[in-house]
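The structure appears right after this line, and notes come after that.
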Amino acid sequence: MNCFVMNHPLITHKVSLLKDKHTGSKDFKATVKEISMLMCYELTRDLPLRQATIESPMGLIKTDIMAGRIMAFVPVLRGGLGMLDGLLEVMPNAKVGHIGAYRDPKTQKAVVYYCKLPDDIEDREVIICDPMLATGALAIDAIDEVKKAGCTNVKFLTLIANKQGVERVNKAHPDVTVYCASTVDGLDENGYIAEGFGDIGERLFGTK
Numbered sequence: 085m086n087c088f089v090m091n092h093p094l095i096t097h098k099v100s101l102l103k104d105k106h107t108g109s110k111d112f113k114a115t116v117k118e119i120s121m122l123m124c125y126e127l128t129r130d131l132p133l134r135q136a137t138i139e140s141p142m143g144l145i146k147t148d149i150m151a152g153r154i155m156a157f158v159p160v161l162r163g164g165l166g167m168l169d170g171l172l173e174v175m176p177n178a179k180v181g182h183i184g185a186y187r188d189p190k191t192q193k194a195v196v197y198y199c200k201l202p203d204d205i206e207d208r209e210v211i212i213c214d215p216m217l218a219t220g221a222l223a224i225d226a227i228d229e230v231k232k233a234g235c236t237n238v239k240f241l242t243l244i245a246n247k248q249g250v251e252r253v254n255k256a257h258p259d260v261t262v263y264c265a266s267t268v269d270g271l272d273e274n275g276y277i278a279e280g281f282g283d284i285g286e287r288l289f290g291t292k
């Protein structure tokens, strides 16, 4: 399974806070941001460095800096917006695109209704973010959208992932690694993650 689970104790603890139904909207939003920041460090572990000469207080020195790979974050509306602030806190120079999609509750098929990506998306490493990966249908369609725009370097970032959904994504897009904070096995009768966060959009934004 092409899936990297970030099971760091801090991340695991904060995911448990999200599962608690008593966690209010303000704390829920702040915790999603914190987890996203922590995950971004691991997500960018393979970014290349180059040697540069800088002027330090003690004179000129040679040191390593980022080699300039450009990135783009693409949250899936609206839950992915909760992850965006944390990612931009770590990588403020990244560009941002948006994909609007929802899963039809009857057919469990994804419906994409909006897609706006940076003009130079094909030159960027793209991180698609959505807090939950259940059936995998929405993730597959989101990846399809950025690939249609010419991007060949894609990662999918989620907080909690159903193993069977990850397998579906792997089958459709074997070149895309799924990064998550937690995995679960199986879904409920409606195709939702039983051990998840509930409706994450409602919990993030306090709507019903």
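The number in the working numbering is simply the position in the sequence shown, starting from 1, with 84 added.
Backbone N, C-alpha and C define an ideal beta-carbon position, used for all residues, glycine too.
Values in this document were obtained by computation on a predicted structure and should not be read as measured data.
To the nearest angstrom, how far is the alpha carbon of residue i from that of residue j?
i, j, result
"G163", "K146", "42 Å"
"D259", "G290", "36 Å"
"E173", "L271", "33 Å"
"D169", "L122", "12 Å"
"R187", "E229", "16 Å"
"S266", "L222", "18 Å"
"D225", "T137", "44 Å"
"N237", "I119", "23 Å"
"P189", "D207", "35 Å"
"H106", "G282", "12 Å"
"G280", "L217", "10 Å"
"L94", "A114", "14 Å"
"M85", "Q135", "35 Å"
"S109", "I284", "10 Å"
"I205", "C87", "24 Å"
"D148", "A178", "20 Å"
"H257", "Y197", "21 Å"
Have a look at the options and flag the residue whose alpha-carbon is nearest the alpha-carbon of residue i.
i, options, result
"P132", "E209, P141, L122 and A114", "E209"
"Q192", "T128, E173 and T219", "T219"
"I227", "K247, I244, K255 and N246", "K255"
"A233", "A245, V160 and C199", "C199"
"D203", "C235, G270, S120 and S266", "C235"
"T96", "V116, K239, P189 and K105", "V116"
"V89", "L127, K113 and K110", "L127"
"P176", "M216, Y197, L222 and C124", "C124"
"G166", "D111, P93, D225 and H92", "D111"
"D130", "M150, K113 and A114", "M150"
"L171", "L241, N91, N86 and M85", "L241"
Assign residue i to buried or exposed, taking buried as 16 or more other Cβ atoms, counted over all protein chains shown, within 10 Å of its Cβ.
i, result
"Y263", "buried"
Less than 8 Å between the CB atoms is what I'm expecting for residue i and residue j, so what's the real figure, rounded?
i, j, result
"D269", "K247", "5 Å"
"V160", "I244", "Wrong, their Cβ atoms sit about 14 Å apart, outside the cutoff."
"T261", "K239", "6 Å"
| query | On the three-pair Cβ rule with 8 Å, is the region 127-144 touching the region 180-189? | reply | Touching, no.
| If we count Cβ pairs, one from each stretch, closer than 8 Å, do we get three or more for the region 250-258 versus the region 276-289? | Cβ pair count under 8 Å is below three, so no.
| said: Measuring CB atoms only, is the region 269-282 touching the region 193-204, in the sense that at least three cross pairs come out at less than 8 Å? | reply: With a cut-off of 8 Å, the region 193-204 and the region 269-282 do not count as touching, because too few Cβ pairs lie within range.
| Does the region 155-171 come close enough to the region 101-110 that 3 or more CB-CB pairs lie under 8 Å? | By the Cβ rule, the region 101-110 does not count as touching the region 155-171, because fewer than three pairs are nearer than 8 Å.
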